[in-house]
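Asks:
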Amino acid sequence: MSLGIDFTAFCDAAPSPYLVLDKDLVIRYVNPACLQITGRTREELIEKYFFDALPGNPDAPGDDAEYVKASLLKVLDTGKPDTLTLQRYDMPAPDQPHQFEERWWSDVHTPILGPDGSVQWIVQRADDVTAFVRSPRARQFTEHDKGMAAELYVRARELQRLNQELRQAHARERQVAVTLQEAMLDDPDLLRYENVAVRYLPATTSLNVCGDWYDLVDLPPDRYSVAVGDVVGHGLHAAAVMGMLRSALSAAVRALPSPAQALEIVGLYARSLEGATAATAVKVLIDPRTRLIIYSSAGHPPPVLLHRDGTCELLDQATDPPLGARPHHVPRPQASMTYTRGDTLVLYTDGLIERRDEDIYTGLAHLTNALAQDTALAPDQLADTLLARLGVANGASDDIALVVIRL
Numbered sequence: 000m001s002l003g004i005d006f007t008a009f010c011d012a013a014p015s016p017y018l019v020l021d022k023d024l025v026i027r028y029v030n031p032a033c034l035q036i037t038g039r040t041r042e043e044l045i046e047k048y049f050f051d052a053l054p055g056n057p058d059a060p061g062d063d064a065e066y067v068k069a070s071l072l073k074v075l076d077t078g079k080p081d082t083l084t085l086q087r088y089d090m091p092a093p094d095q096p097h098q099f100e101e102r103w104w105s106d107v108h109t110p111i112l113g114p115d116g117s118v119q120w121i122v123q124r125a126d127d128v129t130a131f132v133r134s135p136r137a138r139q140f141t142e143h144d145k146g147m148a149a150e151l152y153v154r155a156r157e158l159q160r161l162n163q164e165l166r167q168a169h170a171r172e173r174q175v176a177v178t179l180q181e182a183m184l185d186d187p188d189l190l191r192y193e194n195v196a197v198r199y200l201p202a203t204t205s206l207n208v209c210g211d212w213y214d215l216v217d218l219p220p221d222r223y224s225v226a227v228g229d230v231v232g233h234g235l236h237a238a239a240v241m242g243m244l245r246s247a248l249s250a251a252v253r254a255l256p257s258p259a260q261a262l263e264i265v266g267l268y269a270r271s272l273e274g275a276t277a278a279t280a281v282k283v284l285i286d287p288r289t290r291l292i293i294y295s296s297a298g299h300p301p302p303v304l305l306h307r308d309g310t311c312e313l314l315d316q317a318t319d320p321p322l323g324a325r326p327h328h329v330p331r332p333q334a335s336m337t338y339t340r341g342d343t344l345v346l347y348t349d350g351l352i353e354r355r356d357e358d359i360y361t362g363l364a365h366l367t368n369a370l371a372q373d374t375a376l377a378p379d380q381l382a383d384t385l386l387a388r389l390g391v392a393n394g395a396s397d398d399i400a401l402v403v404i405r406l
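Last residue of the sequence shown: number 406 in numbering that gives the first Met the number 0, and the count goes up by one each step with no gaps.
(1) Alpha carbon to alpha carbon, what distance is there between S296 and D383?
(2) F9: buried (16+ other C-beta within 10 angstroms of its C-beta) or exposed?
(3) If contacts are defined as beta-carbon pairs under 8 Å, then L366 and L351 qualify, I think. What distance do you get, rounded to the angstrom?
(4) Can you list, in chain order, the residues of its chain with a C-beta nearer than 7 Å to that of A269? Leave out the 5 residues immediately preceding and following it.
(5) Around the Cβ of K79, are there at least 16 other Cβ atoms within 10 angstroms (buried) or fewer (exposed)?
(6) Just the C-alpha distance for P188 and D214, rounded to the nearest angstrom, thanks.
(7) How long is the line joining the alpha carbons of V403 and T337, rounded to whole angstroms?
(8) Looking at A226: is its Cβ nearer than 7 Å to the Cβ of K282?
(9) Within this structure, are the beta carbons of V252 and V240 separated by less than 7 Å?
(10) Which residues bound the beta strand (DSSP E) around G266?
(11) Does the contact criterion of 3 or more C-beta pairs under 8 Å hold for the region 43-51 versus the region 17-29?
(12) When you compare each of W103, D89, W104 to H97 by their alpha carbons, which one comes out closest?
(13) Is the beta carbon of A238 sitting closer than 7 Å to the one on D398?
(14) When the Cα atoms are used, what is the spatial distance from A280 to R133?
(15) Does the region 376-394 touch the region 315-335, meaning 3 or more C-beta pairs lie closer than 8 Å?
(16) Is the separation between the beta-carbon of A400 and that of L385 shorter than 7 Å?
(17) DSSP state of P378, grouped into three classes?
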């Protein structure tokens, strides 16, 4: 079965140096990495006999070219790969005619057989291990040790390169996901509420970024609804799922102001959405006329009501499993709590309180203790102070969404 792969393009993109020889040891192909490492142009190598194009250093101790030639001839004779794990083969010094610089290589010669079973081509991969050979530690090795260590050095460098590319890919995805997250969290309804402060802190690593969110919905004439949520996962997929759940809940609460009913609708939607069935959320409806908070939670940490005297109450009387967790629909619970003007309501995601070496109750205790220290701070000041006191002002290992409301 043909895979449809352009192998020339594949080798051109490969970071390791490759060249292809025919059975007369004439160079028929060379990739860009090989051109760079040898300091030669394509015209200086293609269609040239290998040892004319790359003659090595005639003044080097030993006949290094003969070792390489013997390896190539062995491949032609046996049809099997051959490896030179540590081989000196000097290269012309840049901008110094007739001068050579000492170079050491780990060579692998691999045959490509024709239809008749004979060798038609030899692929040479030559990794430069000069830096390893010149290192002080390498001078203490035997020749056998050097050979094995050089091979390990090549593989370690390759692993290091792959890890660097992976880190760069993660960083790019993280930046795109954070940008998407911040754009989706932009909420015009927030501009009408000077008594509300919001914070979103992406995770300090790319592994847990972009699943947390907050939302505020204005419900004329004088009520409003606030939610926070957390999508399991990371990266662009979590950000996309977060955006869909947030939008669905925002739409549901406009049609059905009941927090429990709104979460029921979004829970049904989450069951059909890949990556959403373990998402958590808490929804509160604030009615300033009756000074009543109505709330429902889908597996989310409880909001905290901070009274002006410094005491705290947890909104934990209407908690149900996460969104979409149940296979069948069951009505969600709902509870209410009265408040006094000047009280403060705090909603958050688990990154604010969860620590690996502590249980959630310890985290909740740290949160309430931190809140109780300053009951008169404005919402913006309280949000920043709270993050600092809990040691996450510069971010944590997980996302943090935080909403502080002066009632």
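Backbone N, C-alpha and C define an ideal beta-carbon position, used for all residues, glycine too.
Replies: The short version:
(1) Approximately 25 Å, taken between the alpha carbons.
(2) Looking at its Cβ environment, which holds fewer than 16 other Cβ atoms inside 10 Å, F9 is exposed.
(3) Contact holds; Cβ gap of about 7 Å.
(4) Within the same chain, A269 has close Cβ partners L244, A275, T276, A278, L322, G323.
(5) K79 is exposed by the Cβ-count criterion.
(6) The identity of residue 188 in the sequence shown is Asp, whereas the question assumes Pro. Going from the Cα of D188 to the Cα of D214 covers about 9 Å.
(7) The C-alpha of V403 lies about 17 Å from the C-alpha of T337.
(8) In this structure, K282 lies closer than 7 Å to A226 by Cβ.
(9) Using a Cβ distance threshold of 7 Å, V252 and V240 do not count as a contacting pair.
(10) Segment 258-269 is the alpha helix (DSSP H) holding G266; no beta strand (DSSP E) there.
(11) Contact holds: three or more Cβ-Cβ distances are below 8 Å.
(12) Taking H97 as reference, the option from W103, D89, W104 with the minimal CA-CA separation is D89.
(13) No, Cβ-Cβ distance for A238 and D398 is not below 7 Å.
(14) One Cα belongs to A280, the other to R133, and the distance between them is close to 59 Å.
(15) They do not touch, by the three-pair rule.
(16) The answer is no: Cβ separation not under 7 Å.
(17) Three-state result, P378: helix.
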